[in-house]
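Engineer:
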Amino acid sequence: MPVEVESTSQIEDVVRVVRKRIGWLLVPLSLCLALGTSFAFLVPKKYVSREAVMVRDVGGQGRQQVGSTGGQVASHVIRAPKRVKAVIESLRWPWAALTKVEKEEFLERTIDNLSVNSPVLGASVKEQIVTISFAHTDPVKALRFTSEISRLWREEVLEASRKATEGAYEKLRERRGQMQDRLAQISAEVSTKHKQYSIPPWDTTAWGERPLAPEFDQLLSLRDERADVAKQLIHRGEQAAELEEAYSKMEDMVPFQSTAAGQTYQARIQKLQGLVQDDQLLLTTQGYRPGHSKFVQIQDRINGYKEELALLTGALSGSVAPPEMQQNQAKLNAGEVLRLAEKDVVRLVAKIETLDSSLHNTEARTRELQTVYQELHDLQAERVRLNGNLTQAENEFTRMEVEWTEMKSAAGNPFNLLRQAELPTRPTEPSVPLIILGSAVLGLALGLGGAFLAEYGRNCFRTVNDITRVMVVPVLGTVNTIVTSRERRRANLARILIGGCTCLLIGTLGFITYAWEVNQSLLSDDLRMSLESFRRAFE
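Residues in the sequence shown are numbered consecutively from 615, following this note's numbering.
1. With a Cβ-Cβ cutoff of 8 Å, do residue 748 and residue 727 count as a contact?
2. How many angstroms separate the CA atom of residue 1140 from the CA atom of residue 646?
3. Would you mind reading off the limits of the alpha helix (DSSP H) that contains residue 862?
4. So for residue 975, helix, strand or coil by DSSP?
5. Pull up the CB-CB distance for residue 1011 and residue 797, whole angstroms please, since I reckon it's below 8 Å.
6. Checking 8 Å against the spacing of the C-beta atoms, do residue 641 and residue 1122 come in under that value?
7. Express the C-alpha separation of residue 957 and residue 904 in angstroms, rounding to a whole number.
8. Please work out which residues of its chain come closer than 7 Å, Cβ to Cβ, to residue 920, disregarding the five sequence neighbours upstream and downstream, and give them in chain order.
9. Please list, in chain order, all residues of the same chain as residue 962 whose beta carbon is under 7 Å from its beta carbon, the five residues on each side excluded.
10. Looking at C-beta atoms only, is the number of pairs between the stretch 998 to 1006 and the stretch 770 to 779 that lie closer than 8 Å three or more?
11. Check this for me: beta carbons of residue 827 and residue 983, under 8 Å apart or not?
12. Would you mind stating whether residue 701 and residue 763 have Cβ atoms separated by less than 8 Å?
13. Starting from the C-beta of residue 688, find all residues in its chain whose C-beta is less than 6 Å away, skip the five residues before and the five after it, and write them out in chain order.
14. Rounded to whole angstroms, what is the Cα-Cα separation between residue 1046 and residue 1013?
15. So, for residue 955: in the same chain, excluding its five sequence neighbours on each side, which residues have a beta-carbon less than 7 Å away from its beta-carbon?
16. Taking 8 Å as the CB-CB limit, is residue 806 close to chain B?
17. For the pair the stretch 1029 to 1048 and the stretch 790 to 810, tell me if three or more CB-CB distances fall below 8 Å.
18. Could you check whether residue 1028 and residue 670 sit closer than 8 Å to each other, using their CB atoms as the reference points?
19. Within 10 angstroms of the Cβ of residue 1053, are there 16 or more other Cβ atoms? Answer buried if so, exposed if not.
20. Can you tell me which of the three DSSP states residue 745 falls into?
21. Going by Cα to Cα distance, which pick from 698, 659, 1138, 1070 is closest to residue 746?
22. Along the chain, where does the alpha helix (DSSP H) containing residue 732 start, and where does it finish?
23. Leaving out the 5 sequence neighbours to the left and right, which residues in its chain are closer than 6 Å to residue 651 when beta-carbon positions are compared?
24. So, for residue 725: in the same chain, excluding its five sequence neighbours on each side, which residues have a beta-carbon less than 7 Å away from its beta-carbon?
25. Considering only residues of the stretch 1043 to 1076, which uninterrupted alpha helix (DSSP H) runs meet the minimum length of 4 residues and lie entirely inside it, listed in chain order?
26. With residue 794 and residue 1004 assumed to form a contact (beta carbons below 8 Å), what rounded beta-carbon distance in angstroms separates them?
27. Quick check on residue 750: does DSSP put it in helix, strand or coil?
28. Out of curiosity, what's the CA-to-CA distance linking residue 873 and residue 898?
29. Which of the three DSSP states is assigned to residue 1030 in this structure?
30. May I ask which residues mark the beginning and end of the alpha helix (DSSP H) holding residue 665?
31. Going by beta-carbon coordinates alone, are residue 972 and residue 834 separated by less than 8 Å?
32. Looking at residue 772: is its Cβ nearer than 8 Å to the Cβ of residue 663?
33. Can you find the residues in the same chain that come closer than 7 Å, C-beta to C-beta, to residue 783, ignoring five residues on each side of it along the sequence?
34. Could you pull the start and end residues of the alpha helix (DSSP H) that residue 1128 belongs to?
35. Which one of 966, 1002, 1044 has the shortest CA to CA distance from residue 655?
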């Protein structure tokens, strides 16, 4: 009759392998549990000390380095190697005896054990909470290190803030003094230039029209006066030219005309004498040289007057017969008018020369004054700018005085200790239960892995089900391993050796752990030093 072989499930296969290879599971599990338990008790336990500090803004935008901004960068500032090294030296930890490489390693481990947490509370919040944590195998050292580095950080930040505020305060005061000195210097320069160049005083606040120096009005009047004199000279010169032309066309002598004898000659003589004196005075005052055309013309006229005067004098005395001819009176009158015109021309030319000299000096003076006015405008513009800057500096100086007064008081301290560091009583890491549990899981994984590897590592039939899967006809039976007595003895010996070594190793680890925790004198010096080195690697 047909026979059906019932197949087994995968769980049954796993249970079968575990029962068959129980030794492969127990040995790794026992060893891992022993090693993990010993490690959990031998590894140094770290105690964590924490301190929470509230950092707030106390100086506005000018001192944000001690406010929330200081809290945000606290992690970088507190964990700086230079600051950690200063704390180590202040606590007098074994530092000087270490080599350079050992110092670097020790400093790096210390920084790794130090953590700073500063959560962001929001942009509108002007406060920041900074939590400083330090882990160490010695709870007292953990407490002292946390307290010392927190104190050092707060003192350094506060001192740096005070120095920055004091520096800004002194710099602002110096800047204010410089602006005040410059304003006084500008006022002195402006006053000196006004007095030196006779410039009317200006309004120091207005910027519109400014009164000018009298030289500018004098320059305008001189230019107008010269223009008028030049017009007069042109007109008078044209008249003199016309008179000279008419005078040259007149006859010098005309027929003599006599009336009452005594009266006519006497009056004529007196008039000629006056004309001679006038021409001689003209030669003396004008300073004409003998070669000058005016000198020759006036001298000829004087000679003609003298000749006529001699004739008239002789006729009046009766010693000379009356002349038939006499000088042309109209020409003499025209000569008088011409002489006046020439005097006016000479006077106007001299006046123009005087005005040109005055204009030259006045223009040079006004050019100099223009430079002075430009300097005054520049000084005034600088004064206006300095007054604005000085007002701003005064306001800033007043605000800085209030800040500096606040900084020196208790209200200027931005730090508020929320939670002071305390002596930790319970270690936080590593966790003994977690280490033991992890080692058990690891040993179980290694044992199952080794058992399944040993079971399924060979290419063979292990059960009837393996044969059924490859045979066409149903198979009824069982698959067993034929073990000889020699193999049995070797297997028993192997089990005894493996079990003995495992028990010995577990016993050794248990003794070392017990001796370390209860009485370290049971251990040798070399073993204690080795354990210390092992523990130092995990500090």
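Quick reminder that beta carbons are idealized off the backbone N, C-alpha and C, glycines included.
Structural biologist: The structure says:
1. Numbered from 1 along the sequence shown, position 134 holds the residue referred to as residue 748. Numbered from 1 along the sequence shown, position 113 holds the residue referred to as residue 727. Yes. Within cutoff.
2. For the purposes of this step, residue 1140 is identified with residue 526 of the sequence shown, where counting begins at 1. For the purposes of this step, residue 646 is identified with residue 32 of the sequence shown, where counting begins at 1. Their Cα atoms are separated by approximately 25 Å.
3. The residue you call residue 862 lines up with position 248 of the sequence shown. First-last of the alpha helix (DSSP H) with residue 862: 828 to 863.
4. Locating residue 975 in the sequence shown gives position 361, where the first residue counts as 1. Helix.
5. Within the sequence shown, numbered from 1, the residue matching residue 1011 stands at position 397. Within the sequence shown, numbered from 1, the residue matching residue 797 stands at position 183. About 15 Å; that fails the 8 Å criterion.
6. As a working mapping, residue 641 is identified with position 27 in the sequence shown. As a working mapping, residue 1122 is identified with position 508 in the sequence shown. Their beta carbons are not under 8 Å apart, which means residue 641 does not touch residue 1122 by this criterion.
7. By 1-based counting over the sequence shown, the position of residue 904 is 290. By 1-based counting over the sequence shown, the position of residue 957 is 343. Rounded to the nearest angstrom, the two C-alpha atoms are 18 Å apart.
8. Translated into the one-based positions of the sequence shown, residue 920 becomes position 306. Correct list, in chain order: 890.
9. Numbered from its first residue, the sequence shown carries residue 962 at position 348. Cβ neighbours of residue 962 beyond the five flanking positions: 843, 846, 847, 850.
10. no
11. In the sequence shown, counting from the first residue as 1, residue 827 sits at position 213. In the sequence shown, counting from the first residue as 1, residue 983 sits at position 369. Cβ distance < 8 Å, so residue 827 and residue 983 count as in contact.
12. Here residue 701 refers to the residue found at position 87 when the sequence shown is read from its first residue. Here residue 763 refers to the residue found at position 149 when the sequence shown is read from its first residue. For residue 701 and residue 763, yes; Cβs fall inside 8 Å.
13. Residue numbering aside, residue 688 sits at position 74 when the sequence shown is read from its first letter. Correct list, in chain order: 730, 732, 744.
14. What you label residue 1046 is simply residue 432 of the sequence shown in a count that begins at 1. What you label residue 1013 is simply residue 399 of the sequence shown in a count that begins at 1. C-alpha separation (whole angstroms): 59 Å.
15. Mapped onto the sequence shown, residue 955 falls at position 341. Contacts found: 850, 853, 854, 857.
16. Although the question refers to chain B, the structure presented lacks it and comprises just one protein chain.
17. no
18. As a working mapping, residue 670 is identified with position 56 in the sequence shown. As a working mapping, residue 1028 is identified with position 414 in the sequence shown. Yes.
19. Counting from one through the sequence shown, the residue named residue 1053 turns up at place 439. Buried, because 16 or more other Cβ atoms sit within 10 Å of the Cβ of residue 1053.
20. As a first step, residue 745 must be located in the sequence shown, where it is residue number 131. Reduced to three states, the DSSP call for residue 745 is strand.
21. Taking the sequence shown and counting its residues from 1, the one referred to as residue 746 is at position 132. The residue with the shortest Cα to Cα distance from residue 746 is 698.
22. Locating residue 732 in the sequence shown gives position 118, counting from the first residue. Premise fails: residue 732 is in no alpha helix (DSSP H) and is neither H nor E.
23. If you number the sequence shown from 1, residue 651 lands on position 37. The answer, listed in chain order, is 1050.
24. Within the sequence shown, residue 725 is the residue found at index 111, counting from 1. Contacts found: 693, 695, 698.
25. 1046 to 1070
26. By one-based count along the sequence shown, residue 794 stands at place 180. By one-based count along the sequence shown, residue 1004 stands at place 390. Correct: roughly 7 Å between the Cβ atoms.
27. Indexing the sequence shown from 1 puts residue 750 at position 136. If DSSP states are grouped into helix, strand and coil, residue 750 belongs with the strands.
28. Looking up residue 873 in the sequence shown gives position 259. Looking up residue 898 in the sequence shown gives position 284. Any answer about residue 873 is weak, because its pLDDT of 43 lies below 50 and its placement is not dependable; what the coordinates show is given next. One C-alpha to the other measures close to 36 Å.
29. For the purposes of this step, residue 1030 is taken as the residue at position 416 of the sequence shown. Three-state result, residue 1030: strand.
30. For this step, residue 665 is matched to residue 51 along the sequence shown. Here residue 665 belongs to no alpha helix (DSSP H); instead the beta strand (DSSP E) covers 661 to 670.
31. Within the sequence shown, residue 972 is the residue found at index 358, counting from 1. Within the sequence shown, residue 834 is the residue found at index 220, counting from 1. Cβ distance not < 8 Å, so residue 972 and residue 834 don't count as in contact.
32. On the sequence shown, position 158 is the one that residue 772 refers to. On the sequence shown, position 49 is the one that residue 663 refers to. Going by C-beta atoms, residue 772 is not nearer than 8 Å to residue 663.
33. Residue mapping note: residue 783 aligns to position 169 of the sequence shown, counting from 1. Once the five neighbours on either side are set aside, the close Cβ partners of residue 783 are 1014, 1018.
34. Sequence index remark: in the sequence shown, residue 1128 carries index 514 (1-based). 1099 to 1132 is the span of the alpha helix (DSSP H), which, as asked, contains residue 1128.
35. For the purposes of this step, residue 655 is identified with residue 41 of the sequence shown, where counting begins at 1. When each option's Cα is compared against that of residue 655, the closest is 1044.
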